[in-house]
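Enquirer:
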Amino acid sequence: MKIKEKEFENILQDLKQIALQMGAKVRFERGDFKGGYCIMKEDKIIVINKLSPLQKKVLILSNALKELGVDEVYLTPRMREIIEQLSDNT
């Protein structure tokens, strides 16, 4: 499956919604870091570098959701395929 450039913004929004459903907060911050999933005082947080390109943000969020256990959550077949494809590319 090939993801078109203009689809990445919608995919990012959908992934953020999935993270919220899983009880994780998604934060976009500036800094010298890649980003990813962490736990801070029992809160699930996914931090993504605000300065990263859109495709990189989607990739980081996909990997974080995979780490959070997205396999146990209902997703549309399209979103599941996107997450699987992107997390396989790391």
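Quick note, the sequence shown lines up with residues 16 to 105 if you use this note's numbering.
All residues carry an ideal CB built from backbone N, CA and C; glycine is no exception.
Might you give, ordered along the chain, the residues of its own chain that have their beta carbon closer than 8 Å to the beta carbon of Ile54, omitting 5 neighbours on each side?
Expert: For the purposes of this step, residue 54 is identified with residue 39 of the sequence shown, where counting begins at 1. Closer than 8 Å at the Cβ level, and outside the excluded window around Ile54, lie Ile60.
Enquirer: For the alpha helix (DSSP H) that Lys71 lies in, which residues bound it at each end?
Expert: Numbered from 1 along the sequence shown, position 56 holds the residue referred to as residue 71. Taken as a continuous stretch (DSSP letters only), the alpha helix (DSSP H) holding Lys71 covers Leu69 to Leu83.
Enquirer: Using 8 Å as the threshold, is the C-beta distance between Ile97 and Ile26 below it?
Expert: On the sequence shown, residue 97 is found 82 positions in, with the first residue counted as 1. On the sequence shown, residue 26 is found 11 positions in, with the first residue counted as 1. Cβ distance < 8 Å, so Ile97 and Ile26 count as in contact.
Enquirer: From the DSSP output, which residues share a beta bridge with Lys59?
Expert: As a working note, residue 59 is residue 44 in the sequence shown. Bridge partners of Lys59: Ala39 and Ile54.
Enquirer: Kindly confirm or deny that the region 61-71 and the region 31-49 touch, where touching means at least three C-beta pairs closer than 8 Å.
Expert: Yes, since at least three Cβ pairs between the region 61-71 and the region 31-49 fall closer than 8 Å, the two stretches touch.
Enquirer: Any idea if Leu66 is buried or exposed, counting beta-carbon neighbours within 10 angstroms, 16 or more meaning buried?
Expert: Locating residue 66 in the sequence shown gives position 51, where the first residue counts as 1. Classification of Leu66: exposed, given that the 10 Å Cβ count is below 16.
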